[in-house]
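Beneath this line is the structure, given in structure tokens, with notes to follow.
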Amino acid sequence: MTTKAAADTEATPTEGTPLVKLDGVSKYYGNIRALEGVSLEVHAGEISCVLGDNGAGKSTLIKIIAGLHKHDAGTLTIEGEETTLGNPREALDHGIATVYQDLAVVPLMPVWRNFFLGSEPTKGTGPFKRLDVDLMRRTTHAELLRMGIDLRDVDQPIGTLSGGERQCVAIARAVYFGAKVLVLDEPTAALGVKQSGVVLKYVAAARDAGLGVVLITHNPHHAYLVGNRFVLLKRGAMSGSHTRDEITLDELTRQMAGGSELDDLRHELERDSAP
Amino acid sequence: MSATAPAPAPSPEKVTDERLLKTSPLKKFLGRPELGSVVGAVAVFLFFAVVADSFLRATSLATVLYAASTIGIMAVPVALLMIGGEFDLSAGVMVTTSALISSMFSYQMTANVWVGVGVSLLATLAIGVFNGVMLIRTDPPSFIITLGTFLMLTGANLGFTKLISDTVSTKSISDMEGFSSAKDVFASTITIGDVDFKITIVWWLAMIAVATWILLRTRAGNWIFAVGGGEQAARAVGVPVGRTKIGLYMGVAFGAWVSGQHLLFNYDVVQSGEGVGNELIYIIAAVIGGCLITGGYGSAVGAAVGALIFGMTSKGIVYAEWNPDWFKFFLGAMLLLATLLNAWVRKRAEATK
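First to last, the sequence lines map onto chains A and B.
Residues 1 to 275 in the numbering used here are what the first sequence spells out, letter by letter.
Residues 276 to 628 in the numbering used here are what the second sequence spells out, letter by letter.
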């Protein structure tokens, strides 16, 4: 991982209407409180990180933004307009694209077919209406290049790319098809250190292209490298919300890892290992 | 790892890359799904050319092509369905059903046979839609659903025929209006030089061309690969999974209609018990042709070559004057060899990329 990505984030947060704003959003499944009172802002050209341990409510939050679940309380505001998202299609129509960790691509298909899957450009009319293969290949190569992925051959099955590269293709696809908000579900969870660095670089590239990014992760180091805002979730509730200049990596890690609980644990371990 | 530092503005020129070694046409061919079947077809051809003296005669080859075309007309749409990740076990008896409907409707209504042919087309397509809708509306795999359709059609074919004509075959319709023109379309013979070619060969070639066009150059083709190779991913990017699968089942039904009409106008009467077991032959031809049994990979040309292997083997054994009982043995051996060869080729193709 490079220090370059960290340096890029020095840009000051842009003022103005947030692309997506959650205010006191709650979600209940029957008598289970999955999420309560969570507030989050996503601005264009910024990365908002959502951090939390397993079961903290990260997936529930994603599902509300992606339109899979409706929120039960609080407000969801998209570009200044209060809405409720009923299904993923509505979210897409609002320019919110979600990249899931393992549902992104069809492994056996060539990269260029995957890139345009579901939105293929055609030329010709009537029975001769056909895929604009040339345009598809060229655009795929060019768009991936723009994100910094220099692909040798757009004809190779996407399954032959590494996990990180597949995530990047999915991100590049969302950017190309005009997403304004990119929601990334643990993009670095299954990846090694180097691969994670590659993905984070493309996340930064998407931000520089003017998108608002929601980065869900349980790794504070990855979050701090690129993030502008940090929301910490703990057992369904918001345990902290900070902008980059309010918090250091150490403090973020401490809060993420359980804060005072970790201090207690450290004391305990030090006492044990002292003699 | 192919990722490097952020690159300059994209260039619109043709995609070239110095890291990409020039691929020879041979190597490109090695990566095609139909490779295994082409190698197999050449081997089978050479084998019978050596052991059977009469195999290389033009008339023999026309007979081989005819046998291949009757299987190939069905193997091509079945291959598309398999690429889309599904099976159709009712494909074999659906051919008989289609012929029976056409024959009995014309006979009972004393209508022009073309009316029967039209009704048969609609009814057969409806069976295809039924298979597709049942599959996407309910949970069980297509294997079970089409097994149900297969049994129902097998029973209905016999039951209705006996109910209506009191025997297991239909009445002759050769003296009815429109028979000769329908025979021209579905069962005529084209003479080139002094060799007779059946018109089914033309139907077969047309279906290969259309299927290949759909698969490689249309949006629907992209969707077929996607629903077979990763249904959830396809759904997530907005591919109409249900419509694609129903369309594929309708394709199989269309093939069954063409085959059924050939059956009817070639022999004039239809035996209602026919067709059972043929569905496996179509699937085998598709697998020999390089279709992955789990979906997402394959080609229409491959399935056609698989059908050609079938035609050469079944007729070649006759020309070699062997006991035709050995046909099934050869078939099984061929299927195993083709599957192994395909697996090996695919592994190599993916490793070199």
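Yeah, the Cβ is synthetic: ideal placement off N, Cα and C, and Gly gets one too.
Remember, predicted model here, so these are calculated numbers, not experimental data.
By a C-beta neighbour count over all protein chains shown, 10 Å radius and 16 as the cutoff for buried, is residue i buried or exposed?
| i | result |
| --- | --- |
| Ala608/B | exposed |
| Thr588/B | buried |
| Ser286/B | The predicted model places Ser286/B with a pLDDT of 42, which falls under 50 and marks its position as unreliable; any figure quoted below should be read in that light. Label assigned to Ser286/B: exposed. |
| Phe276/A | The structure shown does not extend to residue 276/A, since chain A spans only 1 to 275, so no value can be given for it. |
| Leu615/B | exposed |
| Phe472/B | buried |
| Thr17/A | exposed |
| His267/A | exposed |
| Met384/B | exposed |
| Phe585/B | buried |
| Gln255/A | buried |
| Ala618/B | exposed |
| Lys458/B | buried |
| Arg271/A | exposed |
| Ser449/B | exposed |
| Tyr341/B | buried |
| Ser447/B | exposed |
| Trp532/B | buried |
Note down, in chain order, every chain B residue with its Cβ under 7 Å from the Cβ of residue i.
| i | result |
| --- | --- |
| Met109/A | Phe500, Ala501 and Gly504 |
| Leu117/A | Asn497, Ala501, Ala509, Val512 and Val514 |
| Glu79/A | By Cβ distance, chain B contributes nothing, its closest Cβ being about 22 Å from Glu79/A, past 7 Å. |
| Thr122/A | Arg494 |
What is the DSSP secondary structure of residue i, reduced to helix, strand or coil?
| i | result |
| --- | --- |
| Arg152/A | coil |
| Leu616/B | helix |
| Glu270/A | helix |
| Gln101/A | coil |
| Met238/A | strand |
| Thr75/A | strand |
| Lys21/A | strand |
| Val443/B | coil |
| Pro107/A | coil |
| Asp450/B | coil |
| Ile489/B | helix |
| Gln255/A | helix |
| Ile47/A | strand |
| Thr345/B | helix |
| Val38/A | strand |
| Tyr542/B | helix |
| Leu161/A | coil |
Thinking C-alpha only, which one of the options is nearest residue i?
| i | options | result |
| --- | --- | --- |
| Leu523/B | Ile402/B, Val576/B and Phe605/B | Ile402/B |
| Met350/B | Trp619/B, Ala575/B, Gly430/B and Ile476/B | The sequence shown places Ala at residue 350/B, rather than the Met named in the question. Out of Trp619/B, Ala575/B, Gly430/B and Ile476/B, Ala575/B has the C-alpha closest to the C-alpha of Ala350/B. |
| Met427/B | Ser534/B, Thr371/B and Arg412/B | Thr371/B |
| Val226/A | Gly212/A, Ser59/A and Ala142/A | Gly212/A |
| Arg412/B | Gln546/B, Phe585/B, Lys520/B and Leu400/B | Lys520/B |
| Val408/B | Asn541/B, Gln546/B, Gly517/B and Ala531/B | Gly517/B |
| Arg152/A | His141/A, Gly159/A and Gly74/A | His141/A |
| Leu233/A | Leu35/A, Gly52/A and Glu81/A | Gly52/A |
| Ser373/B | Glu549/B, Val562/B, Ser312/B and Val319/B | Glu549/B |
| Ile467/B | Thr334/B, Ala618/B and Phe602/B | Thr334/B |
| Ser162/A | Leu135/A, Asn87/A, Lys180/A and Pro107/A | Pro107/A |
| Ala237/A | Lys21/A, Val20/A, Ser26/A and Leu19/A | Ser26/A |
| Cys566/B | Ser344/B, Gly391/B and Leu356/B | Leu356/B |
| Pro515/B | Val183/A, Gly197/A and Arg89/A | Arg89/A |
| Val527/B | Ala354/B, Phe320/B and Ile420/B | Ala354/B |
| Arg166/A | Glu246/A, Val111/A, Tyr29/A and Thr77/A | Val111/A |
| Val314/B | Tyr572/B, Trp597/B, Ala595/B and Gly564/B | Gly564/B |
| Val133/A | Ile64/A, Pro121/A, Val169/A and Gly126/A | Pro121/A |
| Phe177/A | Ala209/A, Val154/A, Ser48/A and Thr160/A | Ala209/A |
| Arg130/A | Tyr572/B, Phe605/B, Asn553/B and Thr487/B | Thr487/B |
Under 8 Å Cβ-Cβ, which residues of chain A neighbour residue i?
| i | result |
| --- | --- |
| Arg492/B | Arg130, Leu131 and Val133 |
| Tyr572/B | Leu108 |
Can you give the beta carbon distance from residue i to residue j, rounded, assuming they're within the 8 Å contact cut?
| i | j | result |
| --- | --- | --- |
| Gly164/A | Val199/A | 5 Å |
| Gly570/B | Ile358/B | 6 Å |
| Gln546/B | Ser444/B | 5 Å |
| Ala206/A | Val175/A | 5 Å |
| Val50/A | Val231/A | 5 Å |
| Phe330/B | Gly530/B | With a Cβ gap of about 28 Å, Phe330/B and Gly530/B do not count as contacting. |
| Gln101/A | Glu186/A | 5 Å |
| Thr429/B | Val368/B | 5 Å |
| Ala582/B | Ala613/B | Actually they are not in contact, since the Cβ atoms of Ala582/B and Ala613/B sit about 13 Å apart, beyond 8 Å. |
At 8 Å on the CB atoms, spell out the chain B contacts of residue i, in chain order.
| i | result |
| --- | --- |
| Val105/A | Gly505 and Ala508 |
| Thr125/A | Ordered by position in chain B, no residue passes the 8 Å Cβ test against Thr125/A, which lies about 13 Å from the chain. |
| Arg207/A | Those within 8 Å of Arg207/A in chain B number zero; the least Cβ separation is about 13 Å. |
Determine the chain B residues that contact residue i at a beta-carbon separation under 9 Å, and present them in chain order.
| i | result |
| --- | --- |
| Arg166/A | Residues of chain B passing the Cβ test: none, with the nearest at roughly 10 Å. |
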